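Some notes on the structure that comes next.
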């Protein structure tokens, strides 16, 4: 039987998807986060793990879409990037975010994962991969009662963070949200273009055999301000803010 080029390409694509699924979407990120991270980051050239609060958070929606679009437009053409979103809201919260925001179908995310045991977040915090990562109680996070139940976070809410790996497993950038009034961790995230510029620079140094220090994302330009998010997602509130600012 003659095998066409399209059939070969389809078979290769299916094999890649199966491998990716086996590496990313297994229970290791819950039962053994260290091994999960090692398997994932050593396999691929670039891996970015973004921690987000939950499907109800407009700030998360805004930033994950912004980062995903930048990845599709600029990161992927320059290298194999696996972008993964993770939330402590649990599997249902992850699924709702993925479906409502089209993270995998439109914005290039390899996976959207949820685990309300917080295993990955706690591992990153305790091993100081993300030393300033905050895990808040439902009360401390000031959850909006009309959009999410505090029962969704039985082990705490892991606040936003980012880990970027390059050169098959080397940490090149990390970032943790500052949690304070009045938005309790929701606002300000590192600008995607700044992130990618720093990551590529570190990757180049590693390729040349040089040692590097990971970039602290808090030192980069920040985006996802309250006004930026309200303008994009809550136009009625945006008008009030603009009117107040003019007055």
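Residue numbers (my numbering): 6 to 252.
Heads up, the beta-carbon is just placed ideally off N, CA and C, and yes, glycines get one too.
Values in this document were obtained by computation on a predicted structure and should not be read as measured data.
Report the three-state DSSP secondary structure of residue 183 (helix, strand or coil).
-> By 1-based counting over the chain shown, the position of residue 183 is 178. Residue state, collapsed to three classes: coil.
Report yes if the C-beta distance between residue 85 and residue 58 is below 9 Å; otherwise report no.
-> Translated into the one-based positions of the chain shown, residue 85 becomes position 80. Translated into the one-based positions of the chain shown, residue 58 becomes position 53. No; because the gap between Cβ atoms is not below 9 Å, this pair is not in contact.
The ligand HEM heavy atoms versus the CB of residue 71: any closer than 8 Å?
-> Ligands displayed in this structure: none; no statement on the ligand HEM is therefore possible.
For residue 29, I'd like the list of residues in its chain whose CB is within less than 7 Å of its CB, leaving aside the five on either flank, ordered along the chain.
-> Within the chain shown, residue 29 is the residue found at index 24, counting from 1. These residues qualify, in order along the chain: 45, 89, 115 and 116.
Distance between residue 161 and residue 131 (C-alpha atoms, nearest Å) = Taking the chain shown and counting its residues from 1, the one referred to as residue 131 is at position 126. Taking the chain shown and counting its residues from 1, the one referred to as residue 161 is at position 156. Cα to Cα, the separation comes out at about 15 Å.
Local Cβ density within 10 Å of residue 195, reported as buried at 16 or more and exposed below that | One-based indexing of the chain shown puts residue 195 at position 190. Residue 195 is buried by the Cβ-count criterion.
When DSSP builds the beta bridges, which residues end up paired with residue 90?
-> As a first step, residue 90 must be located in the chain shown, where it is residue number 85. Answer by DSSP bridge pairing, in chain order: 55 and 117.
For the candidate residues 68, 34 and 209, whose alpha-carbon lies nearest to that of residue 165?
-> Along the chain shown, read from residue 1 onward, the residue named residue 165 stands at position 160. The candidate whose alpha carbon is nearest that of residue 165 is 68.
Along the beta strand (DSSP E) that carries residue 170, what are the first and last residues, could you check?
-> Along the chain shown, read from residue 1 onward, the residue named residue 170 stands at position 165. Note, residue 170: beta strand (DSSP E), 166-171.
Close-in-space but distant-in-sequence residues of the same chain around residue 2 (CB under 6 Å, 5 per side omitted) | No answer is possible for residue 2: it lies beyond the span of the chain, which begins at 6 and ends at 252.
Among 110, 209, 157 and 203, which one has its Cα closest to the Cα of residue 142?
-> By 1-based counting over the chain shown, the position of residue 142 is 137. Out of 110, 209, 157 and 203, 157 has the C-alpha closest to the C-alpha of residue 142.
Terminal residues of the continuous alpha helix (DSSP H) containing residue 197?
-> Mapped onto the chain shown, residue 197 falls at position 192. Per DSSP, residue 197 belongs to the alpha helix (DSSP H) from 197-212.
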